[in-house]
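A.B. asks:
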Amino acid sequence: MTDQTTNITRENGCYYSWCPLSCIGPLSRRIKNSYFINIGTRECAYFIQMGLSRRDELDAPFSFAILEDADIGSGNIFEPLRGLVGKIHGGSKPEVIFLMGSCSTEIMKFDLFELSHKLTAEFNIPVIPVQTSGMCNSQADGEDMALSGLVDFCCSRFTGAELEDETEKVVLVGSVSEYTALMLKNEMKKFRIPFAGIFPGNNISGTLEISKNMGKNSIIVPLYPYLSKTIRKIKQRYKCKIFNTTFPIGHDGSKIFYSDLCEHFGVSADAVCDAADSVWKDMEVKANLLKNRKIFIIGDGLFEIPAARFFSNIGANVVEVSTPRINPSMGKELSILEPGISVVEAADVFSQFKRIEREKPDMVVAHLSLARAFQAQGFLTFPTVIYMRSEFLGFSNAKHLVEFVPHGTDIGVGLFHPKGISEERAFMREVTKKVSEGVVKLSKEEIEKYLKVLDKK
Ligand code: SF4
């Protein structure tokens, strides 16, 4: 690990990112009783249903307002939307509805804010506009837009101006499952860091409760690198202080994350160092599988810089890491990145293909839009969507980062070919599903079987 200024190249290249509508899956699981309406085309509906493997669920927390030519021609989509929201309101009774856009030009012209405002007034239920689409250059933008909309909604109910508490407390920002929320809460408590909660909570009342306690003495710490709009909005609305550190990703990132907070609050970080050592002992065997492996990271979710830092700290040889854009919250991550790792912002994918051909990496971490192309060329490929949808924050989850990496190919193929897969692949898919759903405790038998598959490889 080193403290230095990283050289960043900007290529202004083409963007190939997985559609941000994919955030519907994790967000609907993490914010209970929320509902998502996508105003889109049949392609969007198909993408959400197939991509998230949730087409069989009768009570799935999302639906689609698929626009026909007549609706677009008339320019009035409020009526069909009104009927849909009325049905949802009477049926699932959600606490909040997110109204998501899509990338068809006609739909981009609709004023989602105006529509949401009218629907909120009519049904007396918060309808939050999320102006996102496949045109965004990061698959994480959907989640950032949805959470920043949630900040607006919370502010409309309460502004932190009346807060009297003068004690500084940490508010972690980023959507997490109940399991991860509990793990992070326990870790904050163990390290004696004053802690107010996580925004958003796992339901709307919990989210409102946290926002009620946010004010100028709140120390806002982002959990993910892609929340710049949400963080900016929280800062503007609540006058909070933003804390810059690493992201709690991996044993190394979590160690710096908690140590920096301990230093800020003047408490000893000895327990943090002990926790980091013990987590490393737990994951060392699996992490060693990546030792000296050449890794090339092409990202679309802004996770790439922390992932590169983690891989290089466990001994992998990261040759290049590209990210759609760099934002201020990545400052500390960039400053400790191993020298020699080439960082590329908005990479030109065609130049990257050439560099990959030249470098011949052992593994390519790539988003799903490109992963199969690399698979077809014979590269072991790890789809970034696994990171985006998995639980890996804090010390408690750090080992999951290495548990699935050597099987990137199997996981990727499994996702695309649900039928006719081997028993081994079916097992890997089951494990992946558990991780993406936040059920991350694998049984002893599963771990043994997993290690056996590793040995075979
Ligand atoms: S928003 Fe665009 S990229 Fe995303 S699913 Fe719909 S058509 Fe595809």
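Numbering (my numbering), first residue to last: 84 to 540. Where is the CB? At the ideal position from N, CA and C, for every residue including glycine. Computed from a predicted model, the values in this text were never measured in an experiment.
Residues bridged to E529 by DSSP?
C.D. replies: For the purposes of this step, residue 529 is taken as residue 446 along the sequence shown, with counting starting at 1. E529 is not bridged to any residue.
A.B. asks: From which residue to which residue does the beta strand (DSSP E) around P466 run?
C.D. replies: As a working note, residue 466 is residue 383 in the sequence shown. Counting along the chain, the beta strand (DSSP E) containing P466 begins and ends at 463 to 466.
A.B. asks: Enumerate, from N- to C-terminal direction, the unbroken alpha helix (DSSP H) stretches of 4 or more residues contained entirely within the region 323 to 388.
C.D. replies: Whole alpha helix (DSSP H) segments, 4+ residues: 333 to 348, 353 to 370.
A.B. asks: Does DSSP put Y118 in a helix, in a strand, or in coil?
C.D. replies: The residue given as residue 118 occupies position 35 in the sequence shown. Strand.
A.B. asks: Apart from the five residues on each side of it in sequence, which residues of its chain come closer than 7 Å, Cβ to Cβ, to I339?
C.D. replies: The residue labelled residue 339 in the question sits at position 256 within the sequence shown. Answer for I339: T328, T329, listed in chain order.
A.B. asks: CB-CB under 7 Å to A354, same chain, minus the five flanking residues each way: which ones, in chain order?
C.D. replies: One-based indexing of the sequence shown puts residue 354 at position 271. Once the five neighbours on either side are set aside, the close Cβ partners of A354 are K273, F274.
A.B. asks: Whole angstroms are fine: how far does the CA of D224 sit from the CA of R112?
C.D. replies: As a working note, residue 112 is residue 29 in the sequence shown. As a working note, residue 224 is residue 141 in the sequence shown. Taking the straight line from one Cα to the other gives about 18 Å.
A.B. asks: Could you spell out the range, first to last residue, of the alpha helix (DSSP H) harbouring E440?
C.D. replies: In the sequence shown, residue 440 corresponds to position 357, counting from 1. Residues 432 to 442.
A.B. asks: Ignore the nearest five residues each way along the sequence and tell me which others in I211's own chain have a CB closer than 8 Å to its CB.
C.D. replies: Along the sequence shown, read from residue 1 onward, the residue named residue 211 stands at position 128. For I211, where only same-chain residues beyond five positions count, the Cβ hits under 8 Å are V179, I180, F181, L182, S199, A229, G232, L233, D235, F236.
A.B. asks: Mind checking who N400 pairs with in its DSSP beta bridge?
C.D. replies: Residue numbering aside, residue 400 sits at position 317 when the sequence shown is read from its first letter. In DSSP, N400 forms a bridge with K377.
A.B. asks: For a test of your reading of the model: does the CB of G123 fall under 6 Å from any non-hydrogen atom of ligand 1? Yes or no.
C.D. replies: Sequence index remark: in the sequence shown, residue 123 carries index 40 (1-based). At least one heavy atom of ligand 1 is nearer than 6 Å to the Cβ of G123, so yes.
A.B. asks: For S425, which residues in the same chain have their Cβ closer than 6 Å to its Cβ, ignoring the five residues on either side in sequence?
C.D. replies: Locating residue 425 in the sequence shown gives position 342, counting from the first residue. Cβ neighbours of S425 beyond the five flanking positions: E403.
A.B. asks: For A128, name the three-state secondary structure that DSSP assigns.
C.D. replies: The residue given as residue 128 occupies position 45 in the sequence shown. The answer is helix: DSSP assigns A128 an H, G or I state.
A.B. asks: Please determine, among K201, A128, H347, H172, the residue with the shortest C-alpha to C-alpha distance to N159.
C.D. replies: Along the sequence shown, one-based indexing puts residue 159 at 76. When each option's Cα is compared against that of N159, the closest is K201.
A.B. asks: Classify K502: buried if its beta carbon has 16 or more other beta carbons within 10 angstroms, exposed otherwise.
C.D. replies: As a working note, residue 502 is residue 419 in the sequence shown. At K502 the pLDDT is 37, less than 50, meaning the model places this residue with poor confidence and gives no usable figure here.
A.B. asks: Leaving aside the five residues before and after Y341 along the sequence, list all residues of the same chain whose C-beta is less than 6 Å from its C-beta, in chain order.
C.D. replies: Counting from one through the sequence shown, the residue named residue 341 turns up at place 258. F274, V355.
A.B. asks: Cβ of V253 within 7 Å of Cβ of V304?
C.D. replies: On the sequence shown, position 170 is the one that residue 253 refers to. On the sequence shown, position 221 is the one that residue 304 refers to. Yes; because the gap between Cβ atoms is below 7 Å, this pair is in contact.
A.B. asks: Closest to G382 by C-alpha separation, out of T406, S187, R455, E428, would be which residue?
C.D. replies: Stepping through the sequence shown from its first residue, residue 382 is reached at position 299. Cα-wise, what sits closest to G382 is T406.
A.B. asks: To the nearest angstrom, how far is it from the Cα of P283 to the Cα of A352?
C.D. replies: By one-based count along the sequence shown, residue 283 stands at place 200. By one-based count along the sequence shown, residue 352 stands at place 269. Going from the Cα of P283 to the Cα of A352 covers about 27 Å.
A.B. asks: Use the C-beta contact count for C219: other C-beta atoms within 10 angstroms, 16 or more gives buried, fewer gives exposed.
C.D. replies: One-based indexing of the sequence shown puts residue 219 at position 136. Buried: at least 16 other Cβ atoms inside 10 Å.
A.B. asks: Return yes when the Cβ of F457 is within less than 7 Å of the Cβ of A358, no when it is not.
C.D. replies: By 1-based counting over the sequence shown, the position of residue 358 is 275. By 1-based counting over the sequence shown, the position of residue 457 is 374. Not closer than 7 Å, so no.
A.B. asks: What's the C-alpha gap between R455 and I208?
C.D. replies: Here residue 455 refers to the residue found at position 372 of the sequence shown. Here residue 208 refers to the residue found at position 125 of the sequence shown. Taking the straight line joining both Cα atoms gives about 42 Å.
A.B. asks: In whole angstroms, what is the alpha-carbon distance linking T467 and N269?
C.D. replies: The residue you call residue 467 lines up with position 384 of the sequence shown. The residue you call residue 269 lines up with position 186 of the sequence shown. Distance between the alpha carbons of T467 and N269: 28 Å.
A.B. asks: G298 and Y262 - do their beta-carbons sit closer together than 7 Å?
C.D. replies: The residue labelled residue 262 in the question sits at position 179 within the sequence shown. The residue labelled residue 298 in the question sits at position 215 within the sequence shown. Against a cut-off of 7 Å, the Cβ pair of G298 and Y262 comes out as no contact.
A.B. asks: Give me the DSSP bridge partner(s) of K252.
C.D. replies: Looking up residue 252 in the sequence shown gives position 169. Paired residues: S301.
A.B. asks: Check for me: the alpha helix (DSSP H) holding S452 runs from which residue to which?
C.D. replies: Here the question's residue 452 lines up with position 369 in the sequence shown. Residues 451 to 459.
A.B. asks: Could you check where the alpha helix (DSSP H) with F161 kicks off and where it finishes?
C.D. replies: Numbered from 1 along the sequence shown, position 78 holds the residue referred to as residue 161. Its alpha helix (DSSP H) spans residues 161 to 174.
A.B. asks: Candidates A370, V427, E387, P411: which alpha carbon is nearest A399's?
C.D. replies: The count along the sequence shown starts at 1 and reaches residue 399 at position 316. The candidate whose alpha carbon is nearest that of A399 is A370.
A.B. asks: Please tell me whether, using a cut-off of 6 Å, the distance from the CB of L104 to the nearest non-hydrogen atom of ligand 1 is below it.
C.D. replies: Locating residue 104 in the sequence shown gives position 21, counting from the first residue. L104 Cβ: within cutoff of ligand 1.
A.B. asks: CB of E126 to nearest heavy atom of ligand 1: below 6 Å?
C.D. replies: Counting from 1 along the sequence shown, the entry for residue 126 is found at position 43. Yes, since a heavy atom of ligand 1 falls inside the 6 Å radius drawn around the Cβ of E126.
A.B. asks: L182 lies in the beta strand (DSSP E); which residues open and close that run?
C.D. replies: In the sequence shown, the residue the question calls residue 182 occupies position 99. Looking at the DSSP string, the run of the beta strand (DSSP E) that includes L182 is 179 to 183.
A.B. asks: What number of angstroms, rounded off, separates the C-alpha of T290 from the C-alpha of G257?
C.D. replies: The residue labelled residue 290 in the question sits at position 207 within the sequence shown. The residue labelled residue 257 in the question sits at position 174 within the sequence shown. Straight-line Cα distance between these residues: approximately 11 Å.
A.B. asks: First and last residue of the beta strand (DSSP E) that includes I281?
C.D. replies: Sequence index remark: in the sequence shown, residue 281 carries index 198 (1-based). Unbroken beta strand (DSSP E) run through I281: 278 to 282.
A.B. asks: Please go through the region 194 to 271 and give each complete beta strand (DSSP E) segment of 3 or more residues, from N-terminal end onward.
C.D. replies: You should have 210 to 213, 252 to 256.
A.B. asks: Would you kindly work out how many angstroms separate the C-alpha atoms of K318 and C97, rounded to a whole number?
C.D. replies: Here residue 318 refers to the residue found at position 235 when the sequence shown is read from its first residue. Here residue 97 refers to the residue found at position 14 when the sequence shown is read from its first residue. Approximately 32 Å, taken between the alpha carbons.
A.B. asks: May I ask you to check if the CB of F130 is nearer than 6 Å to at least one heavy atom of ligand 1?
C.D. replies: Translated into positions along the sequence shown, residue 130 becomes position 47. Yes, ligand 1 has a heavy atom inside 6 Å of this Cβ.
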